[in-house]
Every structure is written in structure tokens, then in C-alpha cells.
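Positions 17 to 546 (my numbering) are the ones given, in order, by the sequence shown.
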Amino acid sequence: MALLVGVATYLRPRRPKTDFPSSSALKNLCSSQSHLSPYLPSRRLLPCLFYSSSRHPRLVTVSAAAISVEKTEKDRFPVTVTETKQPRSSVRLCIEVPPNSCKESYNKVLREFSNQAKVPGFRPGKKIPENILINYVGLHNIQQAVIEAILKKTLPQAMISVEGRALKDSVRIVTKFAEMYDSFSPEDYFRYDVLVDVVPEIKWLAEAKYKNLKIIVQIDKTITAEIASEIEFKRRHKAQGSLRIVTDRGLQMGDLVVLDILAARIEGDLSIGEKIPSAERKGFHLDTEESDNLLPGFLNSILGIRQGETKSFSLQFPESWEQVNLCGVQAQFTVECKELFYRDLPKLDDSLAEKLFPGCSSLSQVRESILQRCREVEQTAIEQATDNAILEQLSKIVEVDIPQSLFEEQGRQLYGARLLQLQAGRKVNEQQLSSLSSEKAVNEYLENQKENITSIIKQMLAVGEIFQCENLEYSTDELVKEVENSVEEFKRHNQEYDEANVRQQVQDVLEGAKVLEWLRENSDIQYVFR
């Protein structure tokens with residue numbers, strides 16, 4: 017399943033799903049007496065991966081719930097819709113409601129207020145003169161209720177014009193409510209505009225589209241299976257040792273140390289600014305021989321520190337740092353050494369073999385077994401690199417006018433996945449996670465990763481089209497087995513899950529795997545080792 021793992025991790029973003037706001041979702045149009053939200057409904061994450069218009073019911077028709085309007089009611093509320101194409105795969109719908117419909121909505125709202133309002137001097141249910149009712153309820157409240165009622169009735173009908181094309185939850189009313197209020201008259205036409213994103217079209221830049229691709233895969237041979245196996249052998253040997261407290265010297269390579277780390281920004285005038293919560297740690301355990309993920313220069317800055325000692329120093333985060341809000345930031349670190357240890361390692365001989373690798377009776381067997389596993393990992397890495405090279409090539413040979421809603425949704429999902437990885441790896445605490453989850457941090461990620469997000473969406477759409485065009489399929493047995501494996505994973509980690517969503521995601525991953533398999537077999541792939 018190495019291939020599926022690769023597809024699942026690299027193509028996690030979802031295929032655009034098309035849908036329309038339901039009647040229940042439109043109720044928020046009438047839920048406020050002060051303003052009208054420009055978005056309806058709120059955006060949700062979609063459980064799908066690649067867009068395909070025929071294999072799955074994601075390109076839905078307008079359901080009965082979405083346009084639950086009786087024929088006689090539709091006759092009373094006709095709308096005229098003018099569609100204008102807009103940039104970024106969106107369309108503007110100019111909706112016009114005739115005066116008779118406006119007047120009927122106005123009268124209906126008056127009747128409802130009349131039945132509910134307790135106007136002094138009038139018994140419940142008795143007809144209240146219009147001018148008295150307006151003075152009691154307020155013209156502003158009545159007019160606002162009429163406008164909301166008209167929107168609720170007419171928007172689902174107008175959406176029929178983009179049936180099968182609109183992206184789910186991308187509908188937004190762009191006419192300001194104040195403008196609708198100022199221009200409204202029950203005796204005149206009522207007009208408002210709506211923007212909706214539609215499924216983007218894919219334009220292939222090559223005449224042969226995706227066929228006969230020439231793929232160059234660069235393989236980094238800096239760490240080969242042989243080198244990796246030696247590193248793993250040393251790691252297992254270290255794991256058999258015991259820790260001893262260092263009392264007569266400072267930190268040196270090979271030691272383990274427990275640190276308290278404080279960090280703050282250095283402002284342009286070299287003054288110390290606000291703290292950097294995501295870079296701070298309490299009781300941080302550092303193995304000096306496994307420090308690849310540290311900020312460059314950090315380890316060298318603390319070498320020699322003794323237990324109970326505090327060191328301060330400044331470092332700059334690289335422009336390529338994983339947390340985009342810290343890229344290029346100059347920071348002042350204050351580090352206190354809480355505990356310091358060295359390893360007392362056992363003698364390396366055949367008596368240690370069974371502990372290093374169960375089932376082995378000699379060190380040579382241990383080394384061979386570890387090497388075999390590293391070669392398997394190396395082969396998996398080559399397969400993953402091949403898939404990544406294919407996907408990168410796909411993004412270069414397609415043009416897509418990506419809708420803003422799709423860009424934001426996929427970008428937020430990528431950022432959410434990154435936060436989950438940090439949380440699962442216990443690299444951030446709750447406070448740091450909260451800081452990284454702020455809208456500001458998300459928007460910074462979307463801006464800094466714009467090129468990467470765009471590339472991934474283009475890959476996602478291209479893969480979906482290839483699956484459809486080549487009539488690729490996967491077996492029911494494959495689907496059932498992968499669903500069962502995924503559900504078992506959720507249960508093992510005591511996580512909640514929706515089986516329908518799990519099934520959909522598995523289908524998408526299987527589709528991606530089939531496409532990559534087809535492209536590997538039908539492309540000219542060359543490997544360059546560096």
C-alpha cells in the first residue's frame with residue numbers, strides 16, 4: 017500500500033463539490049433584525065478529493081429541499097436572472113423580482129405582524145390599519161422583514177440557472193443590505209446581485225494532454241539505504257544504554273539535555289518585542305545527535321551550557337521555516353539548562369544482537385536485517401518521488417482559473433492538516449496551537465503558500481479528469497478492504513468518524529492511485545541520481 021500512502025499524503029486536498037443552499041440554510045436570511053450576512057451558508061469542509069462529473073453524485077441537481085416552492089407559489093414569485101461571467105471561475109447573477117411579487121411579500125409580512133403584534137386598542141386577530149401597524153412596529157423593521165422574505169423565496173429559484181455547476185457553499189449576496197433597503201419599494205422592481213463560484217474548466221497546454229509525458233525524477237543519494245541502516249544501528253545501540261547525570265562539564269555532542277526555552281521577537285530598532293509562544297518550551301528534551309529539526313544555529317549556541325546555567329542569544333528563522341508566520345523573523349532566545357545527561361553504552365558484541373533486533377543471534381545478522389528494511393524504505397521513497405514528479409508535471413501542463421472559494425477551502429485544509437501533524441507529534445502545546453489557529457495565522461499561510469496551494473489544486477483537478485477520461489476503475493474488494501482498514505485505524509486511536517465520509521475519502525484515494533499507476537505505465541520516466 018506504499019502507493020496509496022503516497023497519494024493520501026500528497027493529494028489530501030478535496031475535489032470541488034457542487035451543491036445549492038437548502039431552504040433551512042436560507043433561514044439565516046431572516047434571523048437578524050440588524051444586518052444580513054453576505055455569505056450563506058457558512059463554508060464547510062468537503063469530504064471529497066477529485067472532481068468527476070459522471071462517476072459520483074457530487075455534481076448534484078437542485079434537490080426538492082433546495083427549491084421547495086409549489087408551482088402556484090413559483091407563479092406568484094417569478095424571477096428574471098441575467099448571468100455574467102466573472103474572473104476566477106465565478107458568475108454574477110443579476111436577479112430581478114417584479115413589483116407584484118414585492119407587493120405580495122409586503123402584504124404577507126404585514127399580515128404576520130398584525131397577527132403577532134399586541135397593539136393597544138386592538139383585540140388579538142382584529143385587522144389593524146396599515147398606518148397604525150407601521151407606526152407601532154416601525155417601517156424599518158417591516159421593510160427589512162419584507163426584503164429578507166423576498167430573498168428567501170427568490171434565491172433558490174435563481175440558483176436553478178447554475179444547476180450542476182455551482183460549487184458547494186460558494187454563494188454570496190454581493191449587493192449590500194443597505195442598498196437593498198434604500199431602493200426597496202413594494203410598488204417597484206426589486207434587484208440584487210449574487211456571486212457564485214462554478215466548477216473550473218481545465219485547459220491542457222500540450223496537444224497530447226497528459227499522454228506520453230516525459231518525467232525526470234531526481235533521487236537524492238546523500239543518504240542511501242546503507243547510510244540509513246548504519247544510523248539506525250547506532251540508534252538501537254544508544255537505546256540499550258543508560259543515562260548518567262553530567263556533573264563536571266557542560267553540554268557536548270552525544271549528550272541529552274532538558275531545557276526551558278523562552279523566545280521573543282527582535283524589533284527593527286533592536287529592542288525586544290512580543291513573545292513567540294510557538295517557539296517556547298518547558299522541559300524540552302533534546303538529543304544532541306538527533307537535532308535535524310532544530311532552528312539552524314540553536315545547538316551550537318547552547319554547547320557548553322551547564323546544569324542550572326542560562327544562556328541568551330539571537331537567531332534568525334530561515335525564510336523556508338515551516339511556520340510561515342516566523343519566516344525571516346529575528347528572535348532573542350533565553351535558554352536554561354534544567355538537566356544534563358550522558359549515555360553509558362553497553363559493549364557491542366553478539367550477546368547484544370537479540371536486544372538490537374529480535375530474532376538475530378549476531379551483530380552481522382542485525383546489520384543485514386536493518387539494511388533490508390532500509391532498502392524497502394528507500395524503494396518506497398523512490399516510488400513516492402516518482403509520484404510527486406508526475407504530479408508536479410501535471411500542474412505545469414494545465415491552466416485552471418481557480419475559484420477563490422476553492423482556493424481558500426483547500427488552503428485551510430492543508431493548514432489544518434499541518435496543525436494536526438504538529439499536534440500529533442507533540443511539537444506544540446495548547447497555547448501554541450491556539451495561536452497558530454488564529455485567522456491571522458491562517459491568512460498568512462494562504463498568502464505565503466499561494467503558489468503551492470494553486471499547484472496542488474491543479475494536480476487534483478487534472479487527476480480527476482484523467483480518471484474519468486481513461487475510464488479507470490477499482491474493484492469493490494479494494495474499496496471494502498481499505499474502508500475496513502481506515503475504520504480500524506479510527507477505532508484504534510479512539511477517534512470519532514463518519515463512515516460515509518471515510519468511504520468517500522477511500523474512493524478518492526483509490527482513484528488517485530489508479531491514475532498514478534496509469535501515468536507511470538504510460539509515461540517516459542527517467543531517474544537522475546544526485
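Idealized CB from N, CA, C, for every residue including glycine.
**Message:** Going by DSSP, what residue range makes up the alpha helix (DSSP H) through THR396?
**Reply:** 379 to 412
**Item:** Continuous alpha helix (DSSP H) stretch holding TRP534: start and end
**Value:** 515 to 537
**Asked** So who's on the other strand from LYS298, going by DSSP bridges?
**Response** None, per the DSSP bridge assignment.
**Request:** Please work out which residues of its chain come closer than 6 Å, Cβ to Cβ, to VAL351, disregarding the five sequence neighbours upstream and downstream, and give them in chain order.
**Result:** LEU275, ILE277, ILE318, LYS327
**Request:** Output the residue ranges of the beta strand (DSSP E) runs that lie fully inside the stretch 223 to 279 and measure 3 residues or longer, sorted by chain position.
**Result:** 230 to 235, 258 to 261
**Request:** Compare the beta carbon distance of ASP308 and LEU272 with 8 Å and say whether it is the shorter of the two.
**Result:** no
**Request:** Measuring alpha carbon to alpha carbon, tell me which of GLU463, ALA529, PRO362 ends up nearest GLU494.
**Result:** ALA529
**Item:** Buried or exposed (CB count within 10 angstroms, at least 16 for buried), LEU211
**Value:** buried
**Item:** Check whether VAL499 and LEU221 have beta carbons under 8 Å apart
**Value:** no
**Close Cβ partners of LEU342 (< 8 Å) along its chain, the five nearest in sequence each way excluded** = ILE292, SER294, ALA295, PHE333
**Message:** What would DSSP say about ILE282, mapped onto helix, strand or coil?
**Reply:** strand
**Request:** Give the secondary structure of GLN542 by DSSP, where H, G and I count as helix, E and B as strand, and everything else as coil.
**Result:** strand
**Request:** Could you work out which residue in ASN131, SER105, THR170, ALA133 is closest to VAL95 when comparing CA atoms only?
**Result:** THR170
**Cβ-based burial, SER421 [other Cβ within 10 Å; buried from 16]** = buried
**Request:** Evaluate GLN542 with the Cβ neighbour count: other Cβ atoms within 10 Å of its Cβ, from every protein chain shown; 16 or more gives buried, anything less gives exposed.
**Result:** exposed
**Contact the stretch 352 to 365 vs the stretch 257 to 267: 3+ CB pairs below 8 Å** = yes
**Asked** Would DSSP call CYS353 helix, strand or coil?
**Response** strand
**Item:** Reduced DSSP secondary structure (H/G/I, E/B, other) of ARG207
**Value:** strand
**Request:** Please name the residue, chosen from LYS230, ILE111, SER367, ALA440, that lies closest to ASN538 on a Cα-to-Cα basis.
**Result:** LYS230
**Runs of alpha helix (DSSP H) lying entirely within the stretch 120 to 167, each at least 4 residues, in chain order** = 146 to 153
**Residue span of the beta strand (DSSP E) that contains THR98, given as start and end** = 96 to 102
**Request:** Return the CA-CA distance between LYS168 and PRO216, expressed in angstroms with no decimal places.
**Result:** 28 Å
**Prompt:** Are the stretch 238 to 252 and the stretch 382 to 400 touching, with three or more C-beta to C-beta distances below 8 Å?
**Reply:** yes
**Request:** Spell out whether any CB of chain C is found under 8 Å from the CB atom of PRO172.
**Result:** In summary, chain C is missing from the structure at hand, where a single protein chain is found.
**Prompt:** Per DSSP, TYR358 forms a beta bridge with which residues?
**Reply:** ARG260
**Request:** Look up PHE373 in the DSSP assignment and say whether it is helix, strand or coil.
**Result:** coil
**Request:** Could you check the C-alpha separation between VAL233 and GLN437 for me, to the nearest Å?
**Result:** 27 Å
**Request:** Going by CA-CA distance only, name the one from ILE166, GLN102, PRO103, LEU149 that's closest to PHE93.
**Result:** ILE166
**Same chain, Cβ closer than 8 Å to ALA347, neighbours up to 5 away in sequence not counted** = ALA279, ALA280, ARG281, ILE282, ILE292, ALA295, SER330, LEU331, GLN332, PHE333
**Request:** Measure from the alpha carbon of GLU325 to the alpha carbon of each residue in GLN523, ASN459, LEU267, then state which is nearest.
**Result:** LEU267
**Prompt:** In terms of residues, what are the limits of the beta strand (DSSP E) holding SER5?
**Reply:** Lying before the first or after the last residue shown, residue 5 is absent from the chain, which here runs from 17 to 546.
**Prompt:** PHE547 and LEU149: beta carbons closer than 8 Å?
**Reply:** Here the chain has residues from 17 to 546 only, and residue 547 is not among them.
**Asked** Can you name, in chain order, every residue of its own chain whose Cβ lies under 7 Å from the Cβ of PHE206, other than the five neighbours on each side?
**Response** VAL113, CYS118, ILE166, PHE200
**Prompt:** Would you call the stretch 401 to 411 and the stretch 427 to 436 in contact, with 3 or more CB pairs under 8 Å?
**Reply:** no
**Between the CA atoms of LEU488 and ASN228 - distance to the nearest angstrom** = 17 Å
**Asked** Helix, strand or coil for GLN339 per DSSP?
**Response** coil
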